[in-house]
Amino acid sequence: MPLRLGVNIDHAATLRQARYARDLESILVEPSPVAAALIAEQAGAEGITAHLREDRRHIQDRDIFRLKESLQTKLNLEMGNAPEIVAIALKVKPHDACLVPENRNEVTTEGGLDCVTHRTALTETITKLHDTGTVVSLFIDPDPHQIQAAADLKAEYIELHTGAFANATGDTRTHELHRLVEGARQAHALGLRVNAGHGLNYQNVRELFAVPHLEELNIGHAIISRALITGLATAVKEMKALCEEYPL
Ligand code: PXP
Numbered sequence: 003m004p005l006r007l008g009v010n011i012d013h014a015a016t017l018r019q020a021r022y023a024r025d026l027e028s029i030l031v032e033p034s035p036v037a038a039a040l041i042a043e044q045a046g047a048e049g050i051t052a053h054l055r056e057d058r059r060h061i062q063d064r065d066i067f068r069l070k071e072s073l074q075t076k077l078n079l080e081m082g083n084a085p086e087i088v089a090i091a092l093k094v095k096p097h098d099a100c101l102v103p104e105n106r107n108e109v110t111t112e113g114g115l116d117c118v119t120h121r122t123a124l125t126e127t128i129t130k131l132h133d134t135g136t137v138v139s140l141f142i143d144p145d146p147h148q149i150q151a152a153a154d155l156k157a158e159y160i161e162l163h164t165g166a167f168a169n170a171t172g173d174t175r176t177h178e179l180h181r182l183v184e185g186a187r188q189a190h191a192l193g194l195r196v197n198a199g200h201g202l203n204y205q206n207v208r209e210l211f212a213v214p215h216l217e218e219l220n221i222g223h224a225i226i227s228r229a230l231i232t233g234l235a236t237a238v239k240e241m242k243a244l245c246e247e248y249p250l
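Residue numbers (my numbering): 3 to 250.
Structural data, given as structure tokens:
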């Protein structure tokens with residue numbers, strides 16, 4: 003199966019909020035994360051990811067509803083397991099939901115979800131999401147206990163957190179890549195499907211291709227940043243071309 007590219011459009015909203023957070027009704031408001039999502043789809047993205055954070059620092063509620071209405075591929079809603087956000091997810095009914103840990107002071111998602119500690123709360127949310135037809139993914143570190151817990155929780159997918167790999171150098175990087183390889187093997191053996199994301203860019207993504215069983219990469223910052231220079235369609239096409247090198 004070819005490796006799919008999911009484009010995370012949070013940072014289109016970050017740029018909008020930097021100027022218009024207090025005046026989202028202004029006719030001047032730009033850039034539109036929905037317009038960015040549609041361009042990404044036309045350029046070959048197989049899905050769009052957006053994270054509705056509790057602090058609403060980038061994506062807003064109505065972005066999510068508009069994305070759900072407008073996308074021709076699929077919406078992957080990234081979400082913390084907070085009652086308010088879960089209630090929105092149950093209304094929106096995204097194709098996929100990726101449960102992530104959320105900490106108000108972080109710059110971006112740090113570390114994976116702890117599926118062992120939060121097993122009970124996660125079971126409840128996963129059941130509700132499944133009941134509305136949403137496919138569930140759990141964003142976790144490549145840790146054997148977490149992977150086992152994700153399988154026990156009956157999530158369809160895990161998204162392996164590639165941040166530690168992306169940030170490491172030298173032997174630590176080799177070690178982190180090895181953990182991802184082993185994690186993907188374990189997940190696959192347990193019947194879980196495997197995605198990956200966080201910190202991936204045009205330089206490190208080929209190295210990640212040593213990891214087997216990958217179905218989808220979710221990439222945001224690198225693509226939106228390159229888009230400022232090349233335009234979004236080119237930035238997406240360049241990442242898509244790299245994804246096509248993934249060994250089948
Ligand atoms: N996947 C998950 C679960 C994330 O939380 C993020 C960051 O929002 C990404 C992928 C994309 O990370 P990046 O912006 O570093 O590509």
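Don't be surprised by glycine CBs; every beta carbon is placed ideally from N, CA and C.
Comparing alpha-carbon positions, the option among V109, L250, E240 and E218 lying closest to R6 turns out to be E218. A contact between stretches requires three or more CB pairs, one per stretch, nearer than 8 angstroms, and the segment 132-139 fails this requirement with the segment 173-181.
Going by DSSP, F67 is part of the alpha helix (DSSP H) stretching over D63 to S72.
Of all C-beta pairs linking the segment 44-56 to the segment 3-19, three or more are shorter than 8 angstroms, placing the two stretches in contact. Per the coordinates, the alpha-carbon of R68 lies some 7 angstroms from the alpha-carbon of V36.
Between the segment 189-203 and the segment 160-171, the count of C-beta pairs closer than 8 angstroms reaches three or more; the two stretches touch.
Distance from the CA atom of I142 to the CA atom of Q150, rounded to whole angstroms, is 11 angstroms.
Selection L26, H147, L40 and A237 evaluated against R181 yields H147 as nearest (Cα-Cα).
For G49, the Cβ stays outside the 8 angstroms cut-off from all heavy atoms of ligand 1. Secondary structure note for H163: its beta strand (DSSP E) is the uninterrupted segment Y159 to H163.
Short of 8 angstroms from the beta carbon of D63, and not among the five residues preceding or following it, lie these beta carbons of its own chain, in chain order: L54 and I90. Counted as a single uninterrupted DSSP element, the beta strand (DSSP E) harbouring E218 occupies residues L216 to I221. CA-to-CA, the gap between Q188 and L124 works out to about 21 angstroms. For G199, the pairing in a beta bridge is given by DSSP as H163 and N220.
Straight through space, the alpha carbons of Y204 and K242 are spaced by roughly 10 angstroms. If you look at V94, you'll find it in the alpha helix (DSSP H) that goes P85 to V94.
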